[in-house]
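Position 88 of the sequence shown, counting from 1, maps to 87 under numbering that gives the first Met the number 0, and the rest follow consecutively.
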Amino acid sequence: MNYYFTGVLIILMVLLALFGGPRAWGANSQSNVSGSNTSIEGGYTGGATTYESGSSSSTTTNSTSNSNIRSAPPSASAPSYNSMTQDVCSTGASMGVQTFGIGVSGGKHFIDKNCERLKLARILNDFGMKVAAVAILCQDERVFEAMIQAGTPCPIDGKIGKEAKALWFKYDHERPDYDIYVKRMKEREKKEKAIAKKQALEEKKRLKEEAKMTKEFDEFDKQVEKKIEEKKKDINWESPK
């Protein structure tokens, strides 16, 4: 009887495990941006999982990748400015600027005034116009200053030498080195005032010393005269017999 009851109980437990347990729903559609999903169909029990016949397993993986590449723009090319001959007093300069949105470049010729002055002076000298050649060189403030320092002032209004020096002194605002000349004159004026002040102080000190010495001499003279008077009183003059 006990064996029969035990056998019936085992059969009922097996049937309950097979047919009475929770059932899995049909396959569902699942998706993730990253990772994996598993859909399981069929009955299973806790602990060790047991799949029924006909169960299926599926895995879906979705991956998204974005890239943002910014390439460097081409460089702005500055134009080339060259002189076609060596006998031209000019030089070229150019530059360019490039950004991600726009690029700009440009160039220009620049005239060298000093180069032109030298060429003109050389041509005038070749023609025998020496004064004119010196006059055009004197347009440079450095040459003008050098001529003044050498005692041979630059020509002005057809005058040379002392006459030119007098005119340059009268019309000093026409000097090529006027700004430097004015600055130098102001510095010289300050220096002259400082020298005059120093000389005045020295003269005042000298006069003070002289006055002191004169006073001392006067005191000395008074003392000498006083002693002489005292000596005179000590002397007794007697008439001869």
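Beta carbons: idealized from backbone N, C-alpha and C, even for Gly. Remember, it's a predicted structure, so these values are computed and weren't measured experimentally.
Only buried fits A120, as 16 or more other CB atoms lie within 10 angstroms of its CB. With respect to the 8 Å criterion, P154 and A165 are not classified as neighbours on the basis of their beta carbons. Burial of R174 is indicated by the presence of at least 16 other C-beta atoms within 10 angstroms of its C-beta.
For D139, the CB contacts under 8 Å within the same chain, skipping 5 residues up- and downstream, are N113, R116 and P175 in chain order. No Cβ-Cβ contact shorter than 8 Å links D111 with C137.
Here the alpha carbons of Y177 and D171 stand approximately 7 Å from one another.
If the five residues before and after V142 are omitted, its C-beta is found closer than 6 Å to the C-beta atoms of L136, all from its own chain and listed in chain order.
In the structure shown, V103 falls within a strand segment according to DSSP collapsed to helix, strand and coil. Scanning its chain for C-beta atoms nearer than 7 Å, with the 5 sequence neighbours on each side dropped, one finds no residue around K129. CA-to-CA, the gap between Q222 and E215 works out to about 11 Å.
Runs of the alpha helix (DSSP H) lying entirely within the stretch 83–163 and spanning at least 4 residues, in chain order: 112–125, 129–136 and 140–148.
Here T90 has F109 as same chain residues with Cβ atoms under 6 Å from its own Cβ, once five neighbours each way along the sequence are excluded.
Considered as a whole, the stretch 190–226 harbours no complete run of any beta strand (DSSP E) with no fewer than 3 residues.
Ranked by Cα distance from D86, the options D125, E186, T58 and K118 are led by K118. Straight across, the Cα-Cα distance linking E208 with I227 is about 29 Å. Distance from the CA of T59 to the CA of I9, rounded to the nearest whole angstrom, comes to 41 Å. The beta carbons of N124 and A132 sit closer together than 8 Å.
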